[in-house]
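Colleague: Below you will find the structure I want to go over with you.
Residue numbers (UniProt numbering): 1 to 694.
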């Protein structure tokens, strides 16, 4: 009977395993495959690795497997045959189990690769991309004073130009962030930076307001998509112990971008002569040179990124084991050579890859036309992106996503709102001081006099000007009220904020001036002639630019340096949650001090304090958003939340700017309330400091 059981087991093994390898006939000798037996190989291959105390199955010496081993092999083989008949929920459960195993194995592999030359190289390449994002935020604000004169922009057009960049960033973050989880980090980051570089470069040359607006919109779309990809990309090369600190160091490049933009604006824009003209309609002024220079960080990052590999964590998620292994070996060897240990061997031979559930069916070239094939590919990809977006709102992630959304939004509403409000308030204080120095002239009578100098910040009431000439002069903030101009001559006159109200103008000639119809309010023009009006806006930019605005932005960017250093050093010690909550609550307290900002220097000081206190919350938000979501949803979730952040920036800019010169209470109370609410809610988020990247 015992013999029959043994034969039955061996028959099961032969047929269910699909071959005869390892099968031993009952002649008392072991034949393991076709290899010849060696006398000095005293220990059987089958029993190799067993300790003396291990329990040995008696048939093991004959090459007959244990029945438990047979069941295990059957269990492993069965799913491969029947995947198409299994429920999707079962496949997803198996994939989740595989991802958890991969997360822990990948963490060990990254620790074996070490942190060295490779990560630092990638740090600077991605830092340039983040620097380009910081530059983009400041560019429009710096060029507006010059662009509005060069393009004759109205107040509504100026406001649209300021908001259009954030609108592009919002769309780009959601779209390109989602694509990065399907097409790859490196590929989508290259697309993002290429879009930004091309349209930023183009925007410096276009002359019309509409085309310039379009270029800045698409440029913002490109750079908006880079932010979620940069953090997802870099985090997947960092071990758990290094992740919080080095992602915080990476955030410093956003500050460097702000400093770079401020310094370039300060050194380039005031030099109005740095440009050229082609005829009378094409002018390339200094502010366009500034826009051109600001595209350099993006171009540099784009070039350097060509030499960097794709994220191996992403490749493992889509089943590309060999490519991921080669990249990880490259990381290991690069770091070991830099440490002076080139002999260290990469010991990993196999990495767990999750079960592939979503299949992208490649269309054959003979199927349909080329645009039909591309249409199917595009619609399939965007459907997968949309599924990822919905996945972030499933029961497993819904609460975390909603809480993070509120924290991102409140932080953006208060931060970006105040960042715009500070320069506007400083400008308002300057205007108040300027108006207080106005000179008023009443009932003056001037005849047969030639004005060939600049009139500035003056009000002329009830004056009479007869047979006077105004030649080659400039009016700046000049107002004529209830005055008479009779037989006067205006030639080559430029003006800014200059108006004639309730004036009577008789037999007067205007030649080559920019005194257009809208500058004459309720005036009577009798026998007066307008010849060859000036086209465009013509002002001396060198005198008109306000250096203080550049200084404010420069100091505001520089003030976040201490906060960046502190957050980087403490991120992995006190945790992400305490960093967000503490930073937002301290920033809320700083807002109340703004009630005492009644001078330019006080406003600059409180702005620096607010920016320095709030930067730690931004850094911790970036880190926790990366760590809370799995690899195949990471960039998508970051893109959604960053897009919501840009929507908060648009609202903040619009709301806070509308209260300049009216009241300080509403912006301050709104910002502080948002920060307190967001900070308290952030304390309910899960801590991710000890968590491996899923």
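Note that beta-carbon positions come from the ideal geometry of N, C-alpha and C, so glycine has one too.
Source: prediction; values computed, not measured.
1. Could you pull out every residue in the same chain whose Cβ sits closer than 6 Å to the Cβ of residue 309, ignoring the five residues on either side in sequence?
2. Which residues share a DSSP beta bridge with residue 496?
3. Which of the three DSSP states is assigned to residue 457 in this structure?
4. Which word fits residue 684, buried or exposed, when buried means at least 16 other C-beta atoms lie within 10 angstroms of its C-beta?
5. Going straight from the alpha carbon of residue 161 to that of residue 135, what length do you get?
6. Give the C-beta separation of residue 672 and residue 612 to the nearest angstrom, bearing in mind that I take them to be a contact with Cβ-Cβ under 8 Å.
7. Should residue 167 go down as buried or exposed, given a rule of 16 or more other Cβ atoms within 10 Å for buried?
8. Per the contact definition of three or more C-beta pairs closer than 8 Å, is the region 615–625 in contact with the region 385–396?
9. Quick one: Cα of residue 539 to Cα of residue 680, how far?
10. Note down, in chain order, each residue of its chain lying with its Cβ closer than 8 Å to the Cβ of residue 109, except the 5 sequence neighbours on either side.
11. Just list the alpha helix (DSSP H) runs in the region 369–410, keeping only unbroken ones of 4 residues or longer that don't cross its boundaries, in chain order.
12. Classify residue 438: buried if its beta carbon has 16 or more other beta carbons within 10 angstroms, exposed otherwise.
13. Could you tell me the distance, in whole angstroms, from the CA atom of residue 346 to the CA atom of residue 338?
14. For residue 351, which of helix, strand or coil comes out of DSSP?
15. Which word fits residue 665, buried or exposed, when buried means at least 16 other C-beta atoms lie within 10 angstroms of its C-beta?
16. Just verifying my parser: in three-state terms, what is the DSSP assignment at residue 64?
17. Taking the beta strand (DSSP E) that residue 437 belongs to, which residues open and close that run?
18. Have a look at residue 210 and residue 163 and give me their C-alpha separation to the nearest angstrom.
19. Output the boundary residues of the alpha helix (DSSP H) element that contains residue 631.
20. Within the same chain, show all residues whose beta-carbon is closer than 6 Å to that of residue 315, passing over the 5 residues directly before and after it, in chain order.
21. Who are the Cβ neighbours of residue 692 in its own chain at under 8 Å, not counting the five residues just before and after it?
22. When you compare the CB positions of residue 188 and residue 225, do they come within less than 8 Å of one another, or not?
23. Just verifying my parser: in three-state terms, what is the DSSP assignment at residue 600?
24. Use the C-beta contact count for residue 524: other C-beta atoms within 10 angstroms, 16 or more gives buried, fewer gives exposed.
25. Can you round the beta-carbon distance between residue 460 and residue 444 to whole angstroms, since I take them to be within the 8 Å contact cut?
26. What is the DSSP secondary structure of residue 534, counted as helix, strand or coil?
27. Where do the N-terminal and C-terminal ends of the alpha helix (DSSP H) with residue 583 fall, by residue?
28. Is there contact between the region 632–648 and the region 216–236, where contact requires at least three CB pairs shorter than 8 Å?
29. Tell me which same chain residues have a C-beta within less than 7 Å of the C-beta of residue 250, skipping the five on either side of it?
30. Do you know whose CA, among 196, 689 and 601, lies nearest residue 620's CA?
31. Going by beta carbon distance, what residues of the same chain come within less than 8 Å of residue 441, once the five residues before and after it are set aside?
Modeller: Let's see:
1. Within the same chain, residue 309 has close Cβ partners 327.
2. 476, per the DSSP bridge assignment.
3. Correct three-state label for residue 457: strand.
4. By the neighbour-count rule (16 or more Cβ atoms within 10 Å), residue 684 is not buried but exposed.
5. Spanning the alpha carbons of residue 161 and residue 135 requires a straight line of approximately 16 Å.
6. With a Cβ gap of about 16 Å, residue 672 and residue 612 do not count as contacting.
7. Classification of residue 167: buried, given that the 10 Å Cβ count is 16 or more.
8. Not touching, per the Cβ criterion.
9. In this prediction, residue 539 scores a pLDDT of 47, lower than 50, which makes its location untrustworthy; the coordinate-derived value is nonetheless stated afterwards. Rounded to the nearest angstrom, the two C-alpha atoms are 50 Å apart.
10. A distance below 8 Å between beta-carbons, with the five flanking residues on each side excluded, links residue 109 to the following residues of its chain, in chain order: 328, 348 and 351.
11. 370–391, all fully within the region 369–410.
12. Classification of residue 438: exposed, given that the 10 Å Cβ count is below 16.
13. For residue 346 and residue 338, the distance between alpha carbons rounds to 15 Å.
14. If DSSP states are grouped into helix, strand and coil, residue 351 belongs with coil.
15. Classified as exposed, residue 665 has fewer than 16 neighbouring CB atoms from the shown chains inside 10 Å of its CB.
16. Residue confidence for residue 64 is low, a pLDDT of 47 falling below 50, so the modelled location carries little weight and cannot support an answer.
17. First-last for residue 437: undefined, no H or E at that position.
18. Near 14 Å, if we compare the C-alpha coordinates of residue 163 and residue 210.
19. 631–657 is the span of the alpha helix (DSSP H), which, as asked, contains residue 631.
20. Exclusion of the five residues before and after residue 315 leaves 323 and 324 as the residues of its chain whose Cβ lies within less than 6 Å of its Cβ.
21. Contacts found: 103, 104, 106, 107 and 240.
22. Going by C-beta atoms, residue 188 is nearer than 8 Å to residue 225.
23. Residue state, collapsed to three classes: helix.
24. Exposed.
25. Going by Cβ atoms, the distance from residue 460 to residue 444 rounds to 7 Å, so yes, they are a contact pair.
26. Coil.
27. Here the alpha helix (DSSP H) through residue 583 covers 576–592.
28. As far as the Cβ criterion goes, the region 632–648 touches the region 216–236, which means the pair count is three or higher.
29. Setting aside the 5 residues that flank it on each side, residue 250 is surrounded in the same chain by 123, 126, 127, 130 and 234, each with a C-beta closer than 7 Å to its C-beta; the list follows chain order.
30. Checked all of 196, 689 and 601; the closest Cα to residue 620 is 689.
31. The answer, listed in chain order, is 458, 459, 460, 461 and 463.
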